[in-house]
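In this note's numbering, the protein residues as written are 12 to 378.
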């Protein structure tokens, strides 16, 4: 139902949801009621693309705001919540839930370079930062439990700053990066330095890829999982020799059972020959890699899905020892020009069956 600049959807006899705003006002004052029904929800996509809105005012009747309600509001500078609302609060233009546990929406045109989280803040989701923010220093306390904000939403972030009680267990900051317990939660995209040593005692990596400026990553013996996900922009990874989950050989990440887990995306050199004893090319092992030529040594038996996703790989050599190839192994490997295989091998049969025969260079014997 369209009423003025607003569109509503009936929920029941007494309540409705605000589903769209089509006006051009700088300040959008969402009505508390329409046609005798109380407006209790704001739907995803409420702010439409091209909106000029700078300020959103939420009535006290609203008890549900869907993810993405303001994600098209690239010009929003602040959010205000009417006094008496029991579900949401706003402070300094930022929208929170009523308990100040979650950041719901950070206005993209809020130009503050420093953000100090409320003491009670424990969650910052990706949906809370739909556009790049100007924040350079992000203050957190030990209560921060979830930090899912994408690096693209905090492109200017130089450091996390701890503003809580360091005598209490929980989140903490080490050398500008955000940790909680034994997990690395987030790393600032604009942190200075070309190398980084993950804090000793860290067991789990929960953040995404680290910035391109970070070339070399040192990994302590304690890390057990998640390391693969942060190497897309790296040149080199160095794992402590006592680590039981991972090992590094010439700057490349392996498991101890012979799987190549991740070839650093920006590792120097155009040709790579896998070491003898390597058994498997793991999922996304060469994803986004700048490598041009890969020679898989004899002894490798398996190539997993998305092994070469979005890579720059042009030339590939697959030995006849490879007997298991995922049907999605070559998904996204658009740069491939030649694949060298041995005549009659599983690789030849598979690639012809997948319609990649035009890339094949078949030899009687490879090695």
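Quick reminder that beta carbons are idealized off the backbone N, C-alpha and C, glycines included.
Would you report the Cα separation of residue i and residue j, rounded to the nearest angstrom?
i: residue 354; j: residue 374; result: 6 Å
i: residue 102; j: residue 42; result: 21 Å
i: residue 329; j: residue 218; result: 33 Å
i: residue 282; j: residue 302; result: 6 Å
i: residue 13; j: residue 19; result: 6 Å
i: residue 376; j: residue 310; result: 15 Å
i: residue 357; j: residue 336; result: 9 Å
i: residue 278; j: residue 159; result: 27 Å
i: residue 307; j: residue 259; result: 17 Å
i: residue 35; j: residue 62; result: 7 Å
i: residue 145; j: residue 195; result: 23 Å
i: residue 83; j: residue 70; result: 20 Å
i: residue 94; j: residue 169; result: 35 Å
i: residue 25; j: residue 53; result: 15 Å
i: residue 254; j: residue 295; result: 22 Å
i: residue 305; j: residue 249; result: 21 Å
i: residue 366; j: residue 280; result: 30 Å
i: residue 324; j: residue 262; result: 18 Å
i: residue 97; j: residue 68; result: 15 Å
i: residue 200; j: residue 138; result: 18 Å
i: residue 386; j: residue 31; result: Because residue 386 is not part of the residues shown, which for the chain are 12 to 378, the question remains open.
i: residue 165; j: residue 171; result: 11 Å
i: residue 368; j: residue 378; result: 21 Å
i: residue 29; j: residue 76; result: 10 Å
i: residue 228; j: residue 167; result: 21 Å
i: residue 118; j: residue 315; result: 42 Å
i: residue 46; j: residue 55; result: 22 Å
i: residue 363; j: residue 352; result: 11 Å
On a CA-only basis, which of the options is nearest residue i? Give me that one, please.
i: residue 298; options: 344, 70, 339; result: 344
i: residue 136; options: 79, 87, 88; result: 79
i: residue 162; options: 320, 149, 281, 198; result: 198
i: residue 318; options: 341, 306, 328, 62; result: 341
i: residue 89; options: 348, 40, 159; result: 40
i: residue 153; options: 168, 166, 130; result: 130
i: residue 92; options: 109, 83, 287, 35; result: 109
i: residue 322; options: 45, 73, 244; result: 244
i: residue 333; options: 366, 29, 361, 116; result: 361
i: residue 156; options: 123, 346, 87, 181; result: 181
i: residue 275; options: 372, 149, 240, 104; result: 240
i: residue 114; options: 123, 120, 122, 104; result: 104
i: residue 87; options: 122, 351, 267, 17; result: 122
i: residue 268; options: 257, 314, 368; result: 257
i: residue 141; options: 338, 81, 65, 187; result: 81
i: residue 189; options: 228, 204, 148, 205; result: 148
i: residue 204; options: 191, 192, 223; result: 223
i: residue 151; options: 209, 128, 99, 143; result: 128
According to DSSP, simplified to helix, strand and coil, what is residue i?
i: residue 368; result: helix
i: residue 324; result: coil
i: residue 240; result: helix
i: residue 362; result: helix
i: residue 28; result: strand
i: residue 356; result: coil
i: residue 138; result: helix
i: residue 178; result: coil
i: residue 259; result: strand
i: residue 206; result: strand
i: residue 113; result: strand
i: residue 383; result: Examination of residue 383 is not possible in this model, given that the chain is present from 12 through 378 alone.
i: residue 374; result: strand
i: residue 44; result: strand
i: residue 194; result: strand
i: residue 332; result: coil
i: residue 62; result: coil
i: residue 49; result: strand
Are residue i and residue j closer than 8 Å when you measure CB to CB?
i: residue 270; j: residue 252; result: no
i: residue 238; j: residue 230; result: yes
i: residue 59; j: residue 27; result: no
i: residue 247; j: residue 225; result: no
i: residue 73; j: residue 51; result: yes
i: residue 132; j: residue 116; result: no
i: residue 380; j: residue 293; result: No answer is possible for residue 380: the residues shown for the chain start at 12 and end at 378.
i: residue 347; j: residue 370; result: yes
i: residue 233; j: residue 211; result: yes
i: residue 326; j: residue 349; result: yes
i: residue 192; j: residue 202; result: no
Would you check whether the ligand NAP has a heavy atom nearer than 7 Å to the C-beta of residue i?
i: residue 172; result: In terms of ligand content, the structure shown is empty, and the ligand NAP therefore cannot be addressed.
Q. Taking one C-beta from the region 208 to 224 and one from the region 167 to 181 each time, how about it: are there three or more such pairs within less than 8 Å?
A. Counting C-beta pairs closer than 8 Å gives fewer than three between the region 208 to 224 and the region 167 to 181, which falls short of the contact rule.
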